[in-house]
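Asks: Going by our numbering, the sequence shown opens with residue 512, and the numbers climb by one from there. Yeah, the Cβ is synthetic: ideal placement off N, Cα and C, and Gly gets one too. Keep in mind it's a predicted model, so treat the numbers as computed, not measured.
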Amino acid sequence: MTTQLDLNAAGMPVQAAINDLVIAGWAGRDAAAVRHHVEELQRLGVKPPRATPLFYRVSASLLTTAETIDVAGRGSTGEAEAVLLSLPSGAWVGVGSDHTDRQAEAAGVTWSKQMCAKPIGREVWRFEEVAPHWDQLRLGARVLEDGVWRPYQHGTLATLRLPTDLVQRYARRDVLPQGTAMFLGTMSVLGAIAWATEFEMVLEDPVLRRQITHRYAIRPLPVAD
Numbered sequence: 512m513t514t515q516l517d518l519n520a521a522g523m524p525v526q527a528a529i530n531d532l533v534i535a536g537w538a539g540r541d542a543a544a545v546r547h548h549v550e551e552l553q554r555l556g557v558k559p560p561r562a563t564p565l566f567y568r569v570s571a572s573l574l575t576t577a578e579t580i581d582v583a584g585r586g587s588t589g590e591a592e593a594v595l596l597s598l599p600s601g602a603w604v605g606v607g608s609d610h611t612d613r614q615a616e617a618a619g620v621t622w623s624k625q626m627c628a629k630p631i632g633r634e635v636w637r638f639e640e641v642a643p644h645w646d647q648l649r650l651g652a653r654v655l656e657d658g659v660w661r662p663y664q665h666g667t668l669a670t671l672r673l674p675t676d677l678v679q680r681y682a683r684r685d686v687l688p689q690g691t692a693m694f695l696g697t698m699s700v701l702g703a704i705a706w707a708t709e710f711e712m713v714l715e716d717p718v719l720r721r722q723i724t725h726r727y728a729i730r731p732l733p734v735a736d
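#1: Relative to the C-alpha of residue 586, which candidate in 515, 707, 716, 728 has its C-alpha closest?
#2: According to the Cβ coordinates, are residue 731 and residue 584 closer than 8 Å?
#3: Would you kindly check if the distance between the Cβ of residue 527 and the Cβ of residue 738 is under 8 Å?
#4: Identify the residues that DSSP records as bridge partners of residue 514: which are they?
#5: Quick one: is residue 697 buried, meaning 16 or more other Cβ sit within 10 Å of its Cβ, or exposed?
#6: Just tell me which of 679, 683, 652 has its CA closest to the CA of residue 608.
#7: Could you tell me the distance, in whole angstroms, from the CA atom of residue 639 to the CA atom of residue 604?
#8: Tell me whether residue 550 is buried or exposed, calling it buried when 16 or more other Cβ atoms sit within 10 Å of its Cβ.
#9: Can you tell me the Cα-Cα spacing of residue 656 and residue 620, whole angstroms?
#10: Would you say residue 571 and residue 530 are within 8 Å of each other, going by their C-beta atoms?
#11: Taking contact to mean at least 3 C-beta pairs separated by less than 8 Å, is the segment 564–579 in contact with the segment 624–640?
#12: Buried or exposed for residue 671, please, with buried defined as at least 16 other CB atoms from any protein chain shown within 10 angstroms of its CB.
#13: Thinking residue 632 and residue 725 are a contact (beta carbons under 8 Å), I'd like their distance in whole angstroms, please.
#14: What's the C-alpha gap between residue 681 and residue 563?
#15: What span of residues does the beta strand (DSSP E) with residue 722 cover, start to end?
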């Protein structure tokens, strides 16, 4: 299924038709950081991966620029990630959230990845503009809990595998197939993984002095067991 996204690049509209959505998991560049994330999720009952990184294919229909998503109950959380999009006009970079049902994740990561919408910001940058200083890009997130915003994730993309590395491992070629979007991995949280009513992610470029921000609310639907 193709998802149509209305994006923005330097004030100009960009039409994105996404046919395939890929989530790069366990994509840390540092082995110790990957182990930390594995242990972080093991405390929630998630089995460790058989290999790292792993690539999860999910429906492109999960991509959304909406400001509210619906989820089942209160067992899901966001994960800030840089997102690589391969379009007819070239490669673009944005920011997204691999929102994941943590209760389902304990039963199987693949299933959990398919259960929640994947919010993405409307603004994108050309990959070629940021590739020379990729490791200096900063990724962050904050969450709204009980009416109070708190920092949730923060770090540079130097802690994660390079997009070129992930694309080569996944596609066995230097560029993503056209119409593909790939979430490029996340970093550990500050404190505990926890439910929140709103999630905000930011991708900051300190070299070109700009940032992409996207905030969305999480609406829990009742679970009728």
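Replies: Straight from the coordinates:
#1: Distance check between residue 586 and each of 515, 707, 716, 728 places 707 closest, using alpha-carbon atoms only.
#2: yes
#3: What is shown of the chain runs 512 to 736, which leaves residue 738 out entirely.
#4: 529
#5: buried
#6: The candidate whose alpha carbon is nearest that of residue 608 is 652.
#7: 9 Å
#8: exposed
#9: 25 Å
#10: yes
#11: yes
#12: Using a 10 angstroms sphere on the CB of residue 671, the tally of other CB atoms reaches 16 or more, which defines it as buried.
#13: 3 Å
#14: 12 Å
#15: 721–732
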